[in-house]
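Some notes on the structure that comes next.
Chains as they are written, first to last, in the numbering used here: chain A, -6 to 430; chain B, -6 to 430.
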């Protein structure tokens, strides 16, 4: 049993720092039925913060799987009008959206890919306006997590279900900076200020490349395109109110130059891809492209991933996460993007966020490629951060400055006053998919 | 833990006997999140029976209460368009509707009546078409039950939550005739045949009155209006397919003559009204109206109930339930209409079902009163059945025939071949409210 005051504090964090609810505003909470307790705490916190009304949109993973197994295949080409109306009407009315993300990593194993793709396509078409509003920060939104039994047992397979649930709860609360006797909202004010300082330094420095090195054997230069933008922490919504779209969030991230990545890099954590685990792997890059790779485990899976399309052999994201951040220190492999992508400094193979390039959101795909912004059907993070990671920033004139030492930002990199620049921050579109029901 | 095969059999009963799902038909299941297990079994059974798709519309009692406590009072004057669309669109498309009814009897204690009335009024207006379709049997529907923790602890207050849940599950399964090694659908075929036989006998006999007597002191003559109809068991939907709107259902019922009830009647079980328990009570009737009453406990509450309006002192329903039926034999007070109204022979104070009179559905309220069909804001069942209850049917010419002896139908009353007459059966409108979310 998680203490009531911790859940209350977590809910207050989601409502205040997360979606920053306004007096009289409506809120939609998407929640698995297994996370009902947290959903109720969040609803209560929203009402206490002045929300006019809260709607909980429930889902059930086990029914989701049952439906994929048994329903007429044609239903996955449809999307119910009432569900579209639930999301689109609320978005049009200015509601805030909270999504509780708690997924059994093995839930959809064995379900034919065509059904999944059809369902995704139908949802995409029906929820186009809703998603666009959230992507453009017209509505404030936040993705958070709570444990489910299946997920907890995947993360802690040696424990009883009850113990696993408790342990996963403790791990989540610790990563989101909710702890006994501390004001979580104030902790997040400090944390977001930290991320904004780091992003401000990186944006002001406007490096042409980063040089990564550590004892694992990583020695990699990642080029950064002209006009790249570092984003992270909280963002500003269209109405000027700040919000934090992901809780937890430990990263600042940008777009690498798809043509200028050179050297070798070793992964520091396993990668779980479509239910398979890839371990002890690394890549050699030349002119932005993977020219060699190895893996102690899951080499075939990695090979398939790299060969998905032209862009899957190039980088689409570079993200900086301090080794001292709570997820990294927990040592837990969460099998959940929201946590694992915040576990360490990472790179991603595949698609880049156009919003991480100045005016990128308005560019067509050819123009984006010309500017070094990668495209692919995939976007797969892999962790490279270690306790001894050092990163130098390389200016256009060739001078260098230490950005990371011993796995963390240098003092120099945090000296910059945070200047929040509205419109330059990427709304983390890959997480957005968790908001769909 | 309830055995998987019992849940499977219960779900099969709901899908086949309850809504009688057709190949290619859609189904909506309204379920509290606490009843997710049964909801999934019902969904699986529906798919196995050929349903095209199943939608589960979830609700959560604890959030319902939280919302009544904390939301802006104005929201209860609204009804969300998406929720209206969920029910109305599905009804228009010919879906079947299952509602899992599992209510904490004390859930809304202390919530201001105005909020509840406003919410009910808004839902009533928004769901008018949907409800009309179900009332007219245009769509097939079924209300069933599964335990929730709060409800189970109310019924078995001396047990642990886990024990109470298990005991309530066993009680429910036994009342719905689901048991190890038996085919529940076949059991219900026999049961419905039994109810149809009894109704056919009562309808053919067209008694002018019933005369109730037992050792408790009941000696009551209940007049029956010209054109009254006995209904019960399964009904025929607009498309000709049979369905059973309530599982369990043990009664056949009709409308008494509001002006012709004379004698005294003693209640055989306590009555729970708005959270208060009335015990050891009875009435004296003259010319259809209560002229005296007594109660060992809850006399004031009963007094208030009787004085609600003019119709609350007259009868609106007479229902026959064999003393040997499973709910009666269980001896459990369920605090749940679906079960308790099927516990014994009963009468109801207040509003009558117009559909229990020939052409009654088309009559205005004045015409109905003229025909002896009572009207009131209330409809309160009270149990009068005992092991020694005898009921005689009185023909127009004064002859009598035994209908009940020793608490059960006489053989004579069951000798009639069931003639199902479409359009003469009442759709039990008071249970229908359970279908709203």
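Note that the Cβ used here is the ideal one computed from N, Cα and C, for glycine as well. Every value quoted in this text rests on a predicted model; they were computed, and no experiment measured them.
Comparing C-alpha positions only, which one of the options sits nearest to residue i?
i, options, result
"residue 147 of chain A", "A/96, A/41, A/121", "A/96"
"residue 209 of chain B", "B/185, B/276, B/300", "B/276"
"residue 468 of chain A", "A/219, A/7, A/338", "Only positions -6 to 430 of chain A appear in the structure, and residue 468 of chain A is not among them; the question remains open."
"residue 25 of chain B", "B/6, B/56, B/37", "B/56"
"residue 94 of chain B", "B/254, B/67, B/54", "B/54"
"residue 264 of chain B", "B/273, B/256, B/169", "B/273"
"residue 329 of chain B", "B/231, B/130, B/139", "B/139"
"residue 134 of chain A", "A/239, A/336, A/310, A/390", "A/239"
"residue 36 of chain B", "B/381, B/20, B/28, B/218", "B/20"
"residue 374 of chain B", "B/280, B/271, B/111, B/137", "B/271"
"residue 307 of chain B", "B/261, B/368, B/258, B/247", "B/368"
"residue 194 of chain B", "B/311, B/87, B/394", "B/394"
"residue 402 of chain A", "A/169, A/170, A/171, A/190", "A/190"
"residue 309 of chain B", "B/28, B/258, B/166, B/340", "B/340"
"residue 187 of chain B", "B/318, B/391, B/222", "B/318"
In this structure, does DSSP put residue i in helix, strand or coil?
i, result
"residue 416 of chain A", "Annotation note: pLDDT 41 at residue 416 of chain A (below 50); position unreliable, coordinate value reported separately. Coil, per DSSP."
"residue 210 of chain B", "coil"
"residue 220 of chain B", "coil"
"residue 264 of chain A", "strand"
"residue 335 of chain A", "coil"
"residue 90 of chain B", "strand"
"residue 455 of chain A", "Shown here, chain A extends from -6 to 430; a query on residue 455 of chain A therefore has no answer."
"residue 301 of chain B", "coil"
"residue 70 of chain A", "helix"
"residue 373 of chain B", "strand"
"residue 421 of chain B", "Note that residue 421 of chain B scores 43 on pLDDT, short of 50, meaning its location in the model is unreliable; the coordinates nonetheless yield the value given after this. The answer is coil: DSSP assigns residue 421 of chain B none of H, G, I, E or B."
"residue 384 of chain A", "strand"
"residue 128 of chain A", "helix"
"residue 306 of chain B", "helix"
"residue 270 of chain A", "strand"
"residue 355 of chain A", "helix"
"residue 398 of chain A", "strand"
"residue 157 of chain A", "helix"
Against residue i, what residues of chain B qualify as contacts under a CB-to-CB distance less than 8 Å, listed in chain order?
i, result
"residue 68 of chain A", "45, 46"
Can you pull the chain B residues whose beta carbon is under 7 Å from the beta carbon of residue i, in chain order?
i, result
"residue 144 of chain A", "Neighbours of residue 144 of chain A on chain B: none; closest Cβ ~16 Å, over 7 Å."
Quick check on the burial criterion: 16 or more other C-beta atoms within 10 angstroms. Buried or exposed for residue i?
i, result
"residue 388 of chain A", "exposed"
"residue 408 of chain B", "exposed"
"residue 156 of chain A", "exposed"
"residue 39 of chain B", "buried"
"residue -6 of chain B", "exposed"
"residue 126 of chain B", "buried"
"residue 109 of chain A", "exposed"
"residue 358 of chain B", "exposed"
"residue 184 of chain A", "buried"
"residue 396 of chain A", "buried"
"residue 386 of chain B", "buried"
"residue 250 of chain B", "buried"
Counting only beta-carbon separations shorter than 8 Å, does residue i have a partner in chain A?
i, result
"residue 93 of chain B", "no"
"residue 402 of chain B", "no"
"residue 49 of chain B", "yes"
"residue 26 of chain B", "yes"
"residue 418 of chain B", "At residue 418 of chain B, the pLDDT of 46 sits below 50, so the modelled position is not reliable and the matter cannot be decided from this model."
Could you work out which residues of chain A lie near residue i, taking near to mean beta carbons separated by less than 8 Å?
i, result
"residue 78 of chain B", "74, 75, 78"
Output, in chain order, the set of chain A residues within a Cβ distance shorter than 7 Å of residue i.
i, result
"residue 63 of chain B", "37, 40"
For a contact meaning CB atoms closer than 9 Å, what does residue i contact in chain B?
i, result
"residue 33 of chain A", "53, 55, 56, 59"
"residue 82 of chain A", "73, 74, 75"
Counting only C-beta atoms, is residue i closer than 8 Å to chain B at any point?
i, result
"residue 29 of chain A", "yes"
"residue 86 of chain A", "no"
"residue 5 of chain A", "no"
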